[in-house]
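Asker: Using our numbering, you'd call the opening residue of the sequence shown number 1065 and step up by one each time.
Note that CB positions come from ideal geometry on N, CA and C, so glycine has one too.
All values derive from a computational prediction rather than experimental measurement.
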Amino acid sequence: MKRIKGITLIEILITVLVLSILVSAAGPSFMDSFKKGKLVSAAEQMYSFLQQARSESIARSEEVHFTVSNMTSSSWSYGMKVGESCDPSKTSNTDPLACVLTIDDGDGSYSAANDDVLFRVDGSEHDELSIRMYYQSGTITTSLVFDPTRGTVDVGRNFMFSDASNNAIVVRVNRLGVVNICSDDYAEYNACGL
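(1) Just checking my contact of Met1110 with Val1235 at CB under 8 Å: how many whole Å lie between their CB atoms?
(2) Between the region 1105 to 1119 and the region 1071 to 1081, are three or more C-beta pairs nearer than 8 Å?
(3) Considering only their Cβ atoms, is the gap separating Cys1150 from Thr1131 smaller than 8 Å?
(4) Looking at the structure shown, is Arg1118 part of a helix, part of a strand, or coil, going by DSSP?
(5) What would DSSP say about Phe1183, mapped onto helix, strand or coil?
(6) Taking the CB atoms as reference points, tell me whether Val1217 and Arg1239 lie closer together than 8 Å.
(7) Of the residues Trp1140, Ser1207, Leu1193, which one's Cα is nearest the Cα of Val1185?
(8) With which residues is Leu1165 paired in a DSSP beta bridge?
(9) Taking Cβ to Cβ, would you say Glu1126 is nearer than 8 Å to Gly1147?
(10) Does the Cβ of Asn1157 have 16 or more other Cβ atoms within 10 Å, making it buried, or fewer, making it exposed?
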């Protein structure tokens, strides 16, 4: 008797059933990973931005103002400017209130359109996340000022990014200007203990 080789319908159905069970079990885990990635990305971006503001202050020997706006809405934004506070919602580098840093383009003359570079982050880049600011001490303002002598700040702040599941990551700036990240929800970071 000759044996017929191939896959039976029952074998295909069992394989499809096993695969569907595995996919349905792994699906929520993948979604959680994507949400965590957004939260981590927003916190790491602010961390880098604050580090750059501190470095710019020391390198330029001028105060750099890190300004946040619309903290209570989903359209939050932040930016930096040398010498004065700025409005992070401004999107034109020629606007006098825009968050810009002057970077010489090498032509020997200053032109806002060519030499002023926007330094701002818009909350729309991080949809589904909210941000809150907590003061460690001092006067309540929307601007954090980095001193050019030592890179210290006028007031320590905590910026908390959170998602719809109430997972949170905090970016901290202490009075010495040291920036770090903590989280009570993710083991990759030190605990905040808030």
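Answerer: Short version:
(1) One-based indexing of the sequence shown puts residue 1110 at position 46. One-based indexing of the sequence shown puts residue 1235 at position 171. Contact flag correct, Cβ pair sits at about 5 Å.
(2) no
(3) Locating residue 1131 in the sequence shown gives position 67, counting from the first residue. Locating residue 1150 in the sequence shown gives position 86, counting from the first residue. Yes, the Cβ-Cβ distance between Thr1131 and Cys1150 is below 8 Å.
(4) Here residue 1118 refers to the residue found at position 54 when the sequence shown is read from its first residue. Correct three-state label for Arg1118: helix.
(5) Within the sequence shown, residue 1183 is the residue found at index 119, counting from 1. Here Phe1183 sits in coil by DSSP.
(6) Translated into the one-based positions of the sequence shown, residue 1217 becomes position 153. Translated into the one-based positions of the sequence shown, residue 1239 becomes position 175. Taking 8 Å as the Cβ cut-off, Val1217 and Arg1239 qualify as a contacting pair.
(7) Counting from one through the sequence shown, the residue named residue 1185 turns up at place 121. Of the listed residues, the one whose Cα sits closest to Val1185 is Trp1140.
(8) Stepping through the sequence shown from its first residue, residue 1165 is reached at position 101. Answer by DSSP bridge pairing, in chain order: Val1181.
(9) Locating residue 1126 in the sequence shown gives position 62, where the first residue counts as 1. Locating residue 1147 in the sequence shown gives position 83, where the first residue counts as 1. Cβ distance < 8 Å, so Glu1126 and Gly1147 count as in contact.
(10) Along the sequence shown, read from residue 1 onward, the residue named residue 1157 stands at position 93. Its Cβ being crowded by 16 or more others within 10 Å, Asn1157 is buried.
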